[in-house]
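>
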Amino acid sequence: MDILNALNWRYATKKMSGEPVSQELVDQIIEAAYLAPTSSGLQPFQIISISNKELREKIQPIAYGQSQIVDGSHVLVFASWDKYTAERIDFIYDHMNAERGLPSEATADYVQSLKDTYLNLPEEAQAAHTAKQAYIAFGVALTTAAVLKVDATPMEGFVNADLDKLLGLEEKGLKSAVILTLGHRATEGDWLQGMKKVRHPKEIFLTEIK
Ligand SMILES: Cc1cc2nc3c(=O)[nH]c(=O)nc-3n(C[C@H](O)[C@H](O)[C@H](O)COP(=O)(O)O)c2cc1C
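According to full-length UniProt numbering, the residues represented by the sequence shown are 1 to 210, in order.
1. In the DSSP assignment, what residue or residues form a beta bridge with His74?
2. Enumerated in chain order, which unbroken segments of the beta strand (DSSP E) with a length of 3 residues or greater are wholly contained in the stretch 31-118?
3. Looking at ligand 1, does it come within less than 7 Å of Gly41, judged from the CB to the closest heavy atom?
4. Compute the Euclidean distance between the alpha carbons of Ala186 and Arg56, then round it to the nearest angstrom.
5. So what does DSSP say about residue 224, is it helix, strand or coil?
6. Is it the case that the stretch 3-18 contacts the stretch 119-132, given that we only count it when at least three CB pairs across the two stretches are under 8 Å?
7. Measure from the alpha carbon of Gly18 to the alpha carbon of each residue in Glu208, Glu188 and Leu206, then state which is nearest.
8. Can you tell me the Cα-Cα spacing of residue 220 and His200, whole angstroms?
9. What does the Cβ neighbour count give for Met155, buried or exposed, with the cut at 16 atoms within 10 Å?
10. How would you label Leu4, buried or exposed, when you count the other beta carbons within 10 angstroms and need 16 or more for buried?
11. Here's a check: name, in chain order, each residue in its chain whose Cβ is nearer than 8 Å to the Cβ of Asp71, leaving out the five neighbours to either side.
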């Protein structure tokens, strides 16, 4: 399926059938998110992939009862760093240099400039920046799911603090940013299925400067 057909096929599925998504397809969706670009390559987030039914049943009330959490087969939680730290930045660049066979001096000035920038921001702004990076990968995952004909519901409709508590994210220096629920669409009972996809008029959305 070409990319635009895939993006027209996908919709924010409101009712999943209960048929599980194969782990092989889920792995490809996660791999796509893993390969997403991030600012300075810091990749300041993790994905928690939850197929465990009992845990998803605990997440459902935190997500205002949304049925896709349990009727889908996987919940991907995009959890971003609560803040930047010198250790986190060093870890990424030490790893990058080691993998590329470069000495740490190769990136020392750049790493210092990252620390000067991020560590001086208020913590709230740091968390907003890390969450933005998670959303890039989230978009890539959502698109990849569509290409693979896997249905997905992007979700911000949940109580972040409660999900963080349930998953013990605070102890890990993480905050839930957004959820992607994966499954296969039900053939009946979904009010959105088959409805026209509506976006802003193109002339509002796009300004072309030639
Ligand atoms: C970041 C984000 C959060 C969303 N949160 C929810 C949600 O909690 N529950 C839901 O049913 N849909 C949610 N949606 C779906 C949007 O309402 C939907 O993507 C939008 O109306 C466009 O429709 P389409 O995705 O079917 O093309 C969310 C979408 C995004 C991108």
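The beta carbon of each residue, even a glycine, is placed where N, CA and C say it ideally should be.
With the given structure in hand:
1. Answer is Leu182, bridged to His74.
2. You should have 45-50 and 74-81.
3. Every heavy atom of ligand 1 is 7 Å or more from the Cβ of Gly41, so no.
4. Using only the alpha carbons, I get a separation of about 19 Å.
5. As shown, the chain starts at 1 and ends at 210. That puts residue 224 outside it, with no answer to give.
6. Contact between the stretch 119-132 and the stretch 3-18 is absent: fewer than three C-beta pairs spanning the two stretches fall below 8 Å.
7. Out of Glu208, Glu188 and Leu206, Glu188 has the C-alpha closest to the C-alpha of Gly18.
8. Outside the modelled stretch of the chain, which goes from 1 to 210, sits residue 220, for which no answer is possible.
9. Under the 10 Å beta carbon count, Met155 is surrounded by 16 or more other beta carbons and is classified as buried.
10. Exposed, because fewer than 16 other Cβ atoms sit within 10 Å of the Cβ of Leu4.
11. Cβ neighbours of Asp71 beyond the five flanking positions: Lys15, Met16, Ser17, Gly18, Gly183 and Ala186.
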